[in-house]
Amino acid sequence: MASRKLLLLPGDGIGTEIAAEVEKLLAVLNEERSAGFETETALVGGAAYDAEGVPVSDATMALAQAADAVLFGAVGGPKWDGVAYDKRPEAGLLRLRKEMELFANLRPAICYPALAEASSLKRDLVEGLDILIVRELTGGVYFGEPKEIQDLGNGQKRAIDTQVYDTYEIERIARVAFDLARTRRNKVTSMEKRNVMVSGLYWNEVVTRIHKDEYADVALEHELADAGGMKLVKSPKIYDVIVTDNLFGDMLSDIAAMLTGSLGMLPSASLGAPDAATGKRKALYEPVHGSAPDIAGTGEANPLAMIASLAMGLRYSFEMLAEADALEAAIAETLEAGIRTGDIMAEGCTKVGTSAMGDAVAERFRAKLTA
Ligand code: NAD
0 MASRKLLLLP GDGIGTEIAA EVEKLLAVLN EERSAGFETE TALVGGAAYD
50 AEGVPVSDAT MALAQAADAV LFGAVGGPKW DGVAYDKRPE AGLLRLRKEM
100 ELFANLRPAI CYPALAEASS LKRDLVEGLD ILIVRELTGG VYFGEPKEIQ
150 DLGNGQKRAI DTQVYDTYEI ERIARVAFDL ARTRRNKVTS MEKRNVMVSG
200 LYWNEVVTRI HKDEYADVAL EHELADAGGM KLVKSPKIYD VIVTDNLFGD
250 MLSDIAAMLT GSLGMLPSAS LGAPDAATGK RKALYEPVHG SAPDIAGTGE
300 ANPLAMIASL AMGLRYSFEM LAEADALEAA IAETLEAGIR TGDIMAEGCT
350 KVGTSAMGDA VAERFRAKLT A
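Going by numbering that gives the first Met the number 0, the first residue of the sequence shown is number 0, and it counts up by one from there.
Shown next, in the form of structure tokens:
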């Protein structure tokens, strides 16, 4: 039996509750597919700070580096508001991203037909939507130097951020986008502002070259990021994979997220470079939402973003494409059946808690794997 090593980092608040639902699905995979998933669970965030004095320990970092993939719940909460900046719960996630060198952030925006009414757009614009935003996560204007406020000495100050991209940073994020497009509808739209930014001009040049040399089979379009924002709201279904820099990706992925209507539904992945020996990428999968302290402990949390994060892991870290499809279809069918947690509740539907939602998906997932 193949062995697949998954590190579970449930974190704080509802993180622990939604992580428990993922374990049910891993059990289904091991039983029905002999998938060989071996999970270890460790502390992160406020829970790690309370028990180990740091938001992520060196021992947990070593587990994360050794795992095939990390599945992360959520961190934070009012309990740790007064904790020193470098020990705050979020610092644990930042350390994981930095030391695992996770430079590619993947945010899918999938609109399940049963939830199309929850979108702020008209049903026909979003029903069946399935796009993937690939955002460069470790470079660009959020990290470029100089980054400072200068005193000009004449009563004026000057605030400076620096947008900077090296060739290798654009090449590797472009390759991630093209590789992913090949597993989907084979189209990439690259977004920048080449009309007003030299970094945009160079981004465009490098993406074009990588496409010509390595991915000529994938369709490539270029779009100015502002026009892309408009089209995401006007006709989002024209896109498949969108690749863009850190700043534009931050905004465009939030716009795309809201097309789908609910925070409790949104998964994400962060990927690193392929390992030279094995070709496997370091990877961390997590829901977009936070630890929801307002509902933690009530058993009401929606586990679907976490479950959809596992589906992304099956697809991108474990090459289990059929199983990923089956899990996503099981989520869609559960919603079609009118089974809803409180955050996505609608008239005529049945309201359930975290565990019952996990059971409903697991039951349909098992049925698909055994059909
Ligand atoms: P949040 O995402 O935790 O919650 C926002 C609202 O959405 C809340 O009303 C919450 O109840 C609801 N919600 C979120 N996820 C839900 C789910 N799965 N099911 C049902 N309802 C859900 O954001 P927030 O309230 O701004 O932040 C709370 C804490 O989480 C803070 O400490 C923040 O720093 C942290 N946070 C962590 C992450 C992360 O771990 N990646 C991300 C965002 C926020």
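We treat Cβ as the ideally placed atom computed from N, Cα and C, and that holds for glycine.
Since the structure is predicted, the reported quantities are computational estimates derived from the model, not experimental observations.
* Asked: Ends of the beta strand (DSSP E) at Asp129?
  -> 129-135
* Asked: Just to confirm, does Gly10 get its C-beta within under 7 Å of one of the non-hydrogen atoms of ligand 1?
  -> yes
* What separation, rounded to the nearest whole angstrom, lies between the Cα atoms of Pro302 and Ser290? -> 12 Å
* Asked: CB-CB under 7 Å to Phe36, same chain, minus the five flanking residues each way: which ones, in chain order?
  -> Arg3, Leu5, Leu25, Leu28, Asn29
* Asked: Less than 7 Å between the CB of Val74 and some heavy atom of ligand 1, yes or no?
  -> yes
* What residues in its chain sit with their C-beta under 7 Å from that of Thr166, if we drop five residues either side in the sequence? -> Val205
* Which ranges would you report for the beta strand (DSSP E) in the segment 172-228 if only whole runs of at least 3 residues count? -> 186-191, 218-223
* To which residues of the same chain is Leu179 closer than 8 Å at the C-beta, ignoring the five residues directly before and after it? -> Leu105, Leu131, Val133, Val240, Tyr315
* Just how far apart, CA to CA, sit Ala282 and Ser118? -> 29 Å
* Asked: Whose C-beta lies closer than 7 Å to the C-beta of Leu334 among residues of the same chain, with five residues either side of it excluded?
  -> Tyr111, Ala113, Leu114
* Grab the span of the alpha helix (DSSP H) containing Phe364 for me, first residue to last. => 353-369
* Starting from Thr40 and walking both ways along the beta strand (DSSP E), at which residues does that stretch end? -> 36-40
* To do: Have a look at Tyr141, Phe142, Asp160 and flag the residue whose alpha-carbon is nearest the alpha-carbon of Ile148.
  => Asp160
* Asked: Can you give the Cα-Cα distance for Gly45 and Ile330, rounded to whole angstroms?
  -> 30 Å
* To do: Apply the 10 Å Cβ neighbour rule to Ile209 and answer buried if 16 or more other Cβ atoms are within range, or exposed otherwise.
  => buried
* To do: Check each candidate in Asp342, Ala336, Ala359, Ala355 and name the one with the smallest Cα separation from Cys348.
  => Ala336
* Best match in Ser33, Ala34, Pro54 for proximity to Pro9 [C-alpha to C-alpha] -> Pro54
* **Contact the segment 344-358 vs the segment 54-70: 3+ CB pairs below 8 Å** => no
* Mind checking whether the beta-carbon of Leu262 lies closer than 7 Å to any heavy atom of ligand 1? -> yes
* To do: Note down the Cα distance separating Met196 from Lys230, rounded to an integer number of angstroms.
  => 21 Å
* To do: From the DSSP output, read off the bridge partner residues of Val240.
  => Leu131, Val187
* Closer than 7 Å: is that where the CB of Leu114 sits relative to any heavy atom of ligand 1? -> no
* Asked: Leaving out the 5 sequence neighbours to the left and right, which residues in its chain are closer than 7 Å to Met305 when beta-carbon positions are compared?
  -> Ile17, Ala18, Glu20, Val21, Gly72, Pro286
* Asked: Any idea if Val163 is buried or exposed, counting beta-carbon neighbours within 10 angstroms, 16 or more meaning buried?
  -> exposed
* Classification of Arg379 by the beta-carbon crowding that lies within 10 angstroms, buried from 16 upward -> Lying outside 0 to 370, the shown extent of the chain, residue 379 is not represented and no answer is given.
* **Through-space distance from Ala307 to Ala218, alpha-carbon basis** => 27 Å
* Arg32 by DSSP, collapsed to three states: which one? -> helix
* **Contacting residues, own chain, Cβ-Cβ under 7 Å from Leu262 (five flanking each side not counted)** => Val287, His288
* Beta-carbon spacing of Asp123, Ile109 below 8 Å -> no
* For Glu170, which residues of its own chain have a beta-carbon under 8 Å away from its beta-carbon, when the five flanking residues on both sides are left out? -> Val205, Ile209
* Taking the alpha-carbon positions, what's the Thr40 to Leu70 distance? -> 10 Å
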